[in-house]
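**Q**
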Amino acid sequence: MKQMTTAKLALCSLFTALIAIGAFLQIPLPNFDYFTLQFFFVLMAGMLLGARLGALSAALYVLIGLLGLPVFAAGGGISYVLRPSFGFLLGFIVTAFCSGWIMEHGQRNWRTCFLASLVGLLATYGIGLAYKYMLLNYYTGTEISFYLLLLSCFPLDLPGDIMFSVLAAYAALRFPVSVRHGIKREGVYAKQIQK
């Protein structure tokens with residue numbers, strides 16, 4: 015396992031902070047719902063830092079929230095694991111890893127960036143909805159079919175996250191080359207530098 019350099023640790027910390035800030039950058043929706051920019055920053059962490067560091071950034075975010083710092087959209091603390099939305103936070107870790115892995119093993123072009131963001135979207139929703147289903151049906155006793163659970167997120171949540179996926183793919187592709195090369199020098203995209 016490669017040693018964590020100070021620069022890598024700083025990049026991880028930066029994206030952990032951006033994910034936390036993203037929880038409070040909210041776009042209001044009808045029916046008292048809102049979008050946050052967390053998902054966007056999780057995708058950016060994976061696509062710019064790579065699988066390992068991107069997942070580490072998201073995992074640190076979840077950990078500091080569980081330790082009690084109010085970095086989640088509705089607070090923090092260990093009791094957050096009993097909220098139906100906690101599965102989406104766990105999905106962020108897998109999202110960052112998957113999107114980062116695709117970026118590490120593909121060419122830096124629109125197709126790769128878009129694929130990385132869509133796979134990240136599927137990871138977030140797959141884990142988030144599965145957790146929500148299990149918590150509602152087996153912990154709270156609220157019986158709901160997986161089909162109804164899917165329908166509950168499609169009208170408002172999913173279109174916004176698809177939009178954020180497209181924006182993240184575009185941003186990762188257009189991110190200033192000098193910054194990307196600075197990240198690459200830290201070994202995240204060393205394979206792409208050698209090409």
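Each number in my numbering corresponds to the 1-based position in the sequence shown with 14 added.
We put the CB at the ideal spot given by N, CA and C, even for glycine.
Which same chain residues, not among the five before or five after residue 50, have their C-beta less than 7 Å away from its C-beta?
**A** Same-chain partners within the cutoff: 36, 37, 39, 40 and 87.
**Q** Is DSSP giving residue 50 helix, strand or coil here?
**A** If DSSP states are grouped into helix, strand and coil, residue 50 belongs with the strands.
**Q** What residues are listed by DSSP as bridge partners for residue 121?
**A** Answer by DSSP bridge pairing: none, since residue 121 is not bridged.
**Q** Kindly identify the DSSP beta-bridge partner or partners of residue 98.
**A** Answer by DSSP bridge pairing: none, since residue 98 is not bridged.
**Q** Counting only the same chain and skipping the five closest in sequence on each side, list residues whose C-beta sits under 7 Å from that of residue 192.
**A** Any reading at residue 192 must be qualified, since the residue scores a pLDDT of 49, below 50, and its modelled position is unreliable; the value itself is stated next. Excluding residues within five positions, none has a Cβ falling inside 7 Å.
**Q** Out of 92, 74, 132 and 135, state which residue places its alpha-carbon closest to the alpha-carbon of residue 26.
**A** Nearest option by C-alpha distance: 74.
**Q** Taking only three categories from DSSP, how would you classify residue 60?
**A** DSSP places residue 60 in helix when its eight states are reduced to three.
**Q** With distances taken Cα to Cα, identify the nearest neighbour of residue 69 among 147, 122, 187 and 30.
**A** Residue 69 has its Cα closest to that of 30, out of 147, 122, 187 and 30.
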